[in-house]
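Engineer:
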Amino acid sequence: MNEFFSDDFYDSQMPLGWSEKDWFAYLKKSNAEIAKFASLYSINRSRGLSLEDIAQMAGWAFPDGEGDSPEEDDDSEFSDEPWTLLNHPLYIITRGLLKCLQEHLGRVIEETQIAPMHVWEMSKVITQISMFISLAVNSTDLSEDLLARCNYKMTSLMLNNFIAQVAQIPTPGSEQGRERMRRINYIIFDLRQLCLNLAERSAIEKK
Numbered sequence: 114m115n116e117f118f119s120d121d122f123y124d125s126q127m128p129l130g131w132s133e134k135d136w137f138a139y140l141k142k143s144n145a146e147i148a149k150f151a152s153l154y155s156i157n158r159s160r161g162l163s164l165e166d167i168a169q170m171a172g173w174a175f176p177d178g179e180g181d182s183p184e185e186d187d188d189s190e191f192s193d194e195p196w197t198l199l200n201h202p203l204y205i206i207t208r209g210l211l212k213c214l215q216e217h218l219g220r221v222i223e224e225t226q227i228a229p230m231h232v233w234e235m236s237k238v239i240t241q242i243s244m245f246i247s248l249a250v251n252s253t254d255l256s257e258d259l260l261a262r263c264n265y266k267m268t269s270l271m272l273n274n275f276i277a278q279v280a281q282i283p284t285p286g287s288e289q290g291r292e293r294m295r296r297i298n299y300i301i302f303d304l305r306q307l308c309l310n311l312a313e314r315s316a317i318e319k320k
């Protein structure tokens with residue numbers, strides 16, 4: 114393991130003299146924050162809390178506008194570390210939502226035994242949603258507002274396609290399965306509304 118993190122791999126362009134090992138720790142911290150958000154969302158969304166409330170609870174409140182970064186928030190888990198896509202609040206929030214979506218969908222697929230082709234089509238759309246929303250957040254971070262708007266709108270379009278695909282899933286026989294379907298719909302609604310709001314904000318900020 115120590116050989117993997119050998120100093121021979123040192124990159125002089127790394128901030129703060131970070132090694133590859135430091136960056137792996139940084140990546141693991143980001144994944145841990147995504148898992149934490151997903152857990153809080155799963156527990157609290159069905160209790161009536163809004164996405165914004167849950168984001169605030171998780172320590173990843175929605176950015177107020179351009180230029181927001183963890184460096185401006187002394188309470189951030191990443192406040193003393195490099196500012197990248199991996200610690201952008203919108204990245205943590207959207208990845209957390211997708212994590213919840215995939216977890217619930219996987220259990221519903223297992224229970225309903227839907228056709229493999231249907232599963233494949235849904236998985237392709239989820240991949241596109243993940244790609245476009247990551248591009249959108251990155252564009253927002255770079256203040257490329259029109260590009261961000263295009264990517265948020267593409268994410269919304271993919272979510273519309275996904276809604277149609279989810280509607281074709283047979284109603285699960287168990288109450289737990291039906292609850293998972295309700296939660297899937299919550300997640301899709303929250304993701305879509307977030308993207309529409311961010312697309313609108315991107316248009317306003319461009320003016």
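Quick note: the sequence shown uses the numbering used here, first residue 114, plus one each step.
Note that CB positions come from ideal geometry on N, CA and C, so glycine has one too.
Just so it is clear, the structure is predicted and the values come from calculations on it, not from any experiment.
Go to W173, then tell me how far its alpha helix (DSSP H) extends in each direction, as first and last residue.
Structural biologist: Within the sequence shown, numbered from 1, the residue matching residue 173 stands at position 60. Neither: W173 is in no alpha helix (DSSP H) and is coded neither H nor E.
Engineer: Taking D258 as part of the alpha helix (DSSP H), name the residues at either end of that continuous run.
Structural biologist: Position 145 of the sequence shown holds residue 258. It spans 258 to 279 - the alpha helix (DSSP H) in which D258 sits, taken as one unbroken run.
Engineer: Looking only at its own chain, which residues have a Cβ that is under 7 angstroms from the Cβ of E185, when we skip the five neighbours before and after it?
Structural biologist: What you label residue 185 is simply residue 72 of the sequence shown in a count that begins at 1. Any answer about E185 is weak, because its pLDDT of 47 lies below 50 and its placement is not dependable; what the coordinates show is given next. Nothing meets the Cβ criterion.
Engineer: Mind checking G180: buried by the 16 CB within 10 Å criterion, or exposed?
Structural biologist: Taking the first residue of the sequence shown as 1, we reach residue 180 at position 67. Annotation note: pLDDT 44 at G180 (below 50); position unreliable, no value reported.
Engineer: Where do the ends of the alpha helix (DSSP H) carrying P229 lie?
Structural biologist: The count along the sequence shown starts at 1 and reaches residue 229 at position 116. Per DSSP, P229 belongs to the alpha helix (DSSP H) from 229 to 254.
Engineer: Under a Cβ-count criterion, where at least 16 other Cβ atoms within 10 Å of its own Cβ denotes burial, should F137 be classed as buried or exposed?
Structural biologist: The residue labelled residue 137 in the question sits at position 24 within the sequence shown. It is exposed - the Cβ of F137 has fewer than 16 other Cβ atoms within 10 Å.
Engineer: Cβ of I388 within 7 angstroms of Cβ of I297?
Structural biologist: Within the shown structure, residues of the chain are numbered from 114 to 320, placing residue 388 beyond reach of any answer.
Engineer: Going by the beta-carbon positions, is the gap between D303 and L153 smaller than 7 angstroms?
Structural biologist: On the sequence shown, position 190 is the one that residue 303 refers to. On the sequence shown, position 40 is the one that residue 153 refers to. Result no, Cβ atoms of D303 and L153 do not sit closer than 7 angstroms.
Engineer: Is N264 closer than 7 angstroms to L198 when the C-beta atoms are compared?
Structural biologist: Locating residue 198 in the sequence shown gives position 85, counting from the first residue. Locating residue 264 in the sequence shown gives position 151, counting from the first residue. Going by C-beta atoms, L198 is not nearer than 7 angstroms to N264.
Engineer: Which residues in the same chain as Q241 place their Cβ atom closer than 7 angstroms to its Cβ, once the five residues preceding and following it in sequence are excluded?
Structural biologist: To locate residue 241, count along the sequence shown from 1; it is residue 128. The answer, listed in chain order, is M271.
Engineer: Measure the C-alpha to C-alpha separation of P176 and F150 and round it to an integer number of angstroms.
Structural biologist: Here residue 176 refers to the residue found at position 63 when the sequence shown is read from its first residue. Here residue 150 refers to the residue found at position 37 when the sequence shown is read from its first residue. One C-alpha to the other measures close to 16 angstroms.
Engineer: For G161, is the classification buried or exposed, using 16 other Cβ atoms within 10 angstroms of its Cβ as the cut-off for buried?
Structural biologist: Within the sequence shown, numbered from 1, the residue matching residue 161 stands at position 48. Taking a 10 Å sphere around the C-beta of G161, we find fewer than 16 other C-beta atoms and assign the residue as exposed.
Engineer: Do V238 and F275 count as a contact pair if the criterion is CB distance below 7 angstroms?
Structural biologist: Taking the first residue of the sequence shown as 1, we reach residue 275 at position 162. Taking the first residue of the sequence shown as 1, we reach residue 238 at position 125. Yes, the Cβ-Cβ distance between F275 and V238 is below 7 angstroms.
Engineer: Straight-line CA distance for Q289 to L255?
Structural biologist: Start at 1 with the first residue of the sequence shown, and residue 289 comes out as number 176. Start at 1 with the first residue of the sequence shown, and residue 255 comes out as number 142. So the alpha carbons of these two residues sit roughly 42 angstroms apart.
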